[in-house]
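In the UniProt record's numbering, the protein residues as written are 1 to 140.
All residues carry an ideal CB built from backbone N, CA and C; glycine is no exception.
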């Protein structure tokens with residue numbers, strides 16, 4: 001594989017350049033808000049200068065638990081899959097979480113998403129059991 005470099009995104013322009021890795025366009029105002037929020041983190045993997053994958057994390061703190069890292073989203077461009085980029089991004093986020101003093105890191109993943117499960121297992125994640133997720137759409 002060509003040389004890979006994982007870097008922390010710090011500008012909306014970097015997110016816009018990597019928006020093919022997202023579910024939709026990287027809107028400038030949302031990018032600015034994400035990057036400005038304490039505890040938000042976006043790492044982008046570049047292969048020969050091309051954005052090949054990304055992982056985002058959000059610190060979550062609670063008075064009786066401390067701070068943990070939530071792996072919010074992981075994406076690898078289809079042309080770069082099965083090269084360990086997802087694993088390396090996950091490990092890089094875990095290292096950043098550790099450096100920030102987080103006591104752990106977690107991710108919610110669909111039980112049928114075999115590619116994601118394999119990636120997280122390869123990065124050392126442990127299965128902590130089944131959970132159910134509920135949501136509240138708060139569309140303004």
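The continuous beta strand (DSSP E) containing residue 46 extends over residues 40-47. In this structure, the straight-line span from the alpha carbon of residue 128 to that of residue 31 is close to 32 Å.
An exposed status is given to residue 23, since fewer than 16 other beta-carbon atoms sit within 10 Å of its beta-carbon. Residue 109 holds the alpha-carbon nearest to the alpha-carbon of residue 71 among 64, 130, 109, 25. Beta-bridge partners of residue 55 (DSSP): 43, 74. When DSSP reads this structure, residue 67 sits in a beta bridge with 61.
Residue 68 places its beta carbon less than 8 Å from that of residue 103. Where residue 8 is concerned, the enclosing beta strand (DSSP E) starts and stops at 4-8. In this structure, DSSP gives residue 30 a helical state, which the three-state scheme calls helix. In terms of CA proximity to residue 11, 41 leads the group 41, 135, 133.
Residue range 12-17 is occupied by the alpha helix (DSSP H) that includes residue 12. A direct Cα-to-Cα measurement between residue 133 and residue 113 gives close to 16 Å. Of the other Cβ atoms in all chains shown, 16 or more fall within 10 Å of the Cβ of residue 9; this residue is therefore buried.
In the DSSP assignment, residue 86 falls within the unbroken alpha helix (DSSP H) covering 85-99.
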